[in-house]
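A short worksheet on the structure shown next.
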Amino acid sequence: MEQSGSGNGHHPWRPGTARRRDAAIGVVVNPLSGRDIRRVVAQASVFPNAEKANMVLRMVAAAGALGLGRVLVSTDDFGVAAAVLRGSRQHAAADRWPELTFCELDPLTGTARDTKQLVRRMRSEGAGVIVVLGGDGTVRAAAGEVGETPLLPLSTGTNNAFPQVWEATVAGVAAALVARGDVDVRSATRRAKVLEVQCGTATELALVDVCVSASAQVGARALWKPETLRELYCAFAEPHAIGLSSVAGQLLPTTREEPHGVAVHFAGESEPQHRVLAPITPGKLTALDVAAVHRLPLGRPVTSAVPAGTVALDGERECEFGPGDQVSVRLTDRGPRVLDVRAVLDAAAARGLLRTDSPEGATGVDSWRVPPSDGGSHR
């Protein structure tokens, strides 16, 4: 474990300095997000690791400006953590740069297991908010481990129906305010709906959608053949989303706050009632025939009518099932607490947390310029 940075001096305009001097946030970065085969095939842009490192540096700068004492950062074999460390050394003597703790895993597996272990580690070391840079799959891995700790998912993946796009500086401000206790967790977060999936003896969790396919093998995980899709269950359905949930979003738009989800039955061999043109993967609009669509109620398990195939969670096939295996899906509103950045900043403005009416109190306010990362590798 490597550390960088120094403590924070007291500034009278900073909210809650005396109350939560030991506050911390955790930042988990998936160096492989936004770089998978779906983007290569679709000629879609990848999300560079140099920008992920720059995002972390901007969050650290913002959190430090508010007096946050510590930031826990994930390590990796692709240069993200190394670039963060290099950038942070330019601020090592500053009185408003937090102490950085780099959480190392041995070994790194390059799988969802790393994300899960990092979240557990950061929570045990006192992180009051967990920030995740990744796509739906990365956030899903983190969601099962965060417990009651607020989760802030930032979009850097291929399918990003669950994480949202926020400038990292603003995200860092929101995370710091909540971690320090300046904005109450209950007013700063919303409880996400999730889909609980039983596939044979396995139990899984999905944040956005569950798709039952007639395809017999998991294979490369991504869903490539629309003709094999049979059933789709969505926790929410936004028309502007990318991924399978966009199909439901065109038929029965459903917000993240509404107390129900959406169930879609693809036509297959039956008579289609709708044809939907949807961006189920970057760079590709696909026409899908739908036989029926209806609301998915909270708390009521639905058993799949597909006799054999695979189940995809948030766009990636995860398990195979046969005639002897039952697949069921249940929508619940007991998912992770997701940080509402807009609500946090609205509360900060209403309470004057980021302003002072005293010129003397403003003398310590600086604007930090975060050095860009060179995206170099560290192995």
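Note that this note's numbering has the sequence shown beginning at 145, numbered continuously upward.
All residues carry an ideal CB built from backbone N, CA and C; glycine is no exception.
All values reported here derive from a predicted model rather than from experimental measurement.
Okay, do the region 407-419 and the region 335-342 touch, 3+ Cβ pairs below 8 Å being the bar?
no
Closer than 7 Å: V215 CB and nearest the ligand HEM heavy atom
Annotation note on the ligand HEM: not contained in the displayed structure, which lists no ligands.
Inspect the CB distances between the region 483-498 and the region 385-392 and report whether three or more fall short of 8 Å.
No: fewer than three Cβ pairs fall under 8 Å.
Taking 6 Å as the limit between beta carbons, can you name the residues of its chain near E415, skipping five residues before and five after?
Counted from its first residue, the sequence shown places residue 415 at position 271. Setting aside the 5 residues that flank it on each side, E415 has no residue in the same chain whose C-beta is closer than 6 Å to its C-beta.
Would DSSP call V204 helix, strand or coil?
Along the sequence shown, one-based indexing puts residue 204 at 60. Under the three-state reduction of DSSP output, V204 falls in the helix class.
What is the rounded straight-line gap between the Cα of G468 and the Cα of A205?
Within the sequence shown, residue 468 is the residue found at index 324, counting from 1. Within the sequence shown, residue 205 is the residue found at index 61, counting from 1. Roughly 55 Å between the two C-alpha positions.
Quick one: residues in its chain with C-beta nearer than 6 Å to the C-beta of T293, no 5 flanking neighbours on either side, listed in chain order?
Taking the first residue of the sequence shown as 1, we reach residue 293 at position 149. Counting only Cβ-Cβ distances below 6 Å, and skipping sequence neighbours, we find R267, I274.
In this structure, what does DSSP give as the bridge partners for L395?
As a first step, residue 395 must be located in the sequence shown, where it is residue number 251. None, per the DSSP bridge assignment.
Is DSSP giving P383 helix, strand or coil here?
By one-based count along the sequence shown, residue 383 stands at place 239. Of the three classes helix, strand and coil, the one that applies to P383 here is coil, per DSSP.
What ranges does the alpha helix (DSSP H) occupy inside the region 451-506, keeping only unbroken runs of at least 4 residues that lie completely in it?
Unbroken alpha helix (DSSP H) runs of no fewer than 4 residues, entirely contained in the region 451-506, are found at 485-495, following chain order.
G288 and A323 look like a contact to me (Cβ under 8 Å); what is the Cβ gap, rounded to whole Å?
Reading the sequence shown from its first residue, position 144 is the one you call residue 288. Reading the sequence shown from its first residue, position 179 is the one you call residue 323. Not confirmed; about 21 Å, so no contact.
Please go through the same chain and pick out, in chain order, the residues whose beta-carbon is closer than 8 Å to the beta-carbon of P397, but skip the five residues on each side of it.
Translated into the one-based positions of the sequence shown, residue 397 becomes position 253. A381, E382, P383, listed in sequence order.
Spatial neighbours of A320 in its chain, beta-carbon cut-off 6 Å, leaving aside the 5 residues before and after
Sequence index remark: in the sequence shown, residue 320 carries index 176 (1-based). So the list reads A207, L210, L212, once near-sequence residues are dropped.
Under 8 Å between C-beta atoms of A379 and V338
In the sequence shown, the residue the question calls residue 379 occupies position 235. In the sequence shown, the residue the question calls residue 338 occupies position 194. Contact flag set, yes.
Backbone secondary structure at G279 - three-state DSSP
Taking the first residue of the sequence shown as position 1, residue 279 is located at position 135. Coil at G279, not helix or strand.
Just the C-alpha distance for V172 and V217, rounded to the nearest angstrom, thanks.
Translated into positions along the sequence shown, residue 172 becomes position 28. Translated into positions along the sequence shown, residue 217 becomes position 73. Near 6 Å, if we compare the C-alpha coordinates of V217 and V172.
Count the other CB atoms, across all protein chains shown, that sit within 10 Å of the CB of D250; report buried if there are 16 or more and exposed otherwise.
Within the sequence shown, residue 250 is the residue found at index 106, counting from 1. So D250 ends up on the exposed side.
Please identify the residue among I424, R419, E401, I169 whose C-alpha is closest to the C-alpha of C355.
By 1-based counting over the sequence shown, the position of residue 355 is 211. The candidate whose alpha carbon is nearest that of C355 is I424.
Is the CB-CB distance between L277 and N198 below 8 Å?
Numbered from its first residue, the sequence shown carries residue 277 at position 133. Numbered from its first residue, the sequence shown carries residue 198 at position 54. Cβ distance not < 8 Å, so L277 and N198 don't count as in contact.
Under 8 Å between C-beta atoms of L376 and F306
On the sequence shown, position 232 is the one that residue 376 refers to. On the sequence shown, position 162 is the one that residue 306 refers to. For L376 and F306, no; Cβs fall outside 8 Å.
Close Cβ partners of K369 (< 7 Å) along its chain, the five nearest in sequence each way excluded
Here residue 369 refers to the residue found at position 225 when the sequence shown is read from its first residue. Taken in chain order, the residues that qualify are S359.
Going by DSSP, name the residue or residues bridged to L442.
In the sequence shown, residue 442 corresponds to position 298, counting from 1. Partner(s): L475.
So, helix, strand or coil for R183, using DSSP?
Start at 1 with the first residue of the sequence shown, and residue 183 comes out as number 39. Confidence is the limiting factor: at R183 the pLDDT is only 48, short of 50, which leaves the residue's position unreliable and the question unanswerable from this model.
Around the C-beta of V309, are 16 or more other C-beta atoms found within 10 angstroms, so that it is buried, or is it exposed?
As a position in the sequence shown, residue 309 is number 165, starting the count at 1. By the neighbour-count rule (16 or more Cβ atoms within 10 Å), V309 is not buried but exposed.
Identity of the residue in V434, E402, S177, L498 nearest L440 by Cα
Taking the first residue of the sequence shown as position 1, residue 440 is located at position 296. The shortest Cα separation from L440 among V434, E402, S177, L498 belongs to E402.
Based on DSSP bridge pairs, tell me the residues matched to L212.
Here residue 212 refers to the residue found at position 68 when the sequence shown is read from its first residue. None; L212 has no bridge partner.
Mark H438 as exposed unless 16 or more other C-beta atoms lie within 10 angstroms of its C-beta, in which case mark it buried.
Within the sequence shown, numbered from 1, the residue matching residue 438 stands at position 294. Its Cβ having fewer than 16 others within 10 Å, H438 is exposed.
By how many angstroms is the C-alpha of G301 removed from the C-alpha of R179?
As a first step, residue 179 must be located in the sequence shown, where it is residue number 35. As a first step, residue 301 must be located in the sequence shown, where it is residue number 157. Because the pLDDT at R179 is just 49, under 50, the model does not fix this residue reliably, and the point stays unresolved.
Delimiting residues of the alpha helix (DSSP H) encompassing V228:
Along the sequence shown, one-based indexing puts residue 228 at 84. 224-233 is the extent of the alpha helix (DSSP H) around V228.
DSSP three-state label for T447, please.
The residue given as residue 447 occupies position 303 in the sequence shown. It is a strand residue.
For the candidate residues G427, L475, D433, whose alpha-carbon lies nearest to that of P445?
Here residue 445 refers to the residue found at position 301 when the sequence shown is read from its first residue. The shortest C-alpha separation from P445 is found at L475.
Kindly list the residues whose CB is nearer than 6 Å to the CB of V473, restricted to its own chain and excluding five residues on each side of it in sequence; keep chain order.
Here residue 473 refers to the residue found at position 329 when the sequence shown is read from its first residue. Cβ neighbours of V473 beyond the five flanking positions: L339, V341, V354, Y377, V446.
DSSP bridge partner residues for S299 (one or two, in chain order):
Locating residue 299 in the sequence shown gives position 155, counting from the first residue. DSSP lists G278 as partners of S299.
What first and last residue would you give for the alpha helix (DSSP H) that runs through T245?
On the sequence shown, residue 245 is found 101 positions in, with the first residue counted as 1. Premise fails: T245 lies in the beta strand (DSSP E), 243-247, not in any alpha helix (DSSP H).
Determine the DSSP secondary structure at V341, reduced to helix, strand or coil.
As a working mapping, residue 341 is identified with position 197 in the sequence shown. Residue state, collapsed to three classes: strand.
What first and last residue would you give for the alpha helix (DSSP H) that runs through V263?
Position 119 of the sequence shown, counted from the start, is the residue given in the question as residue 263. First-last of the alpha helix (DSSP H) with V263: 256-268.
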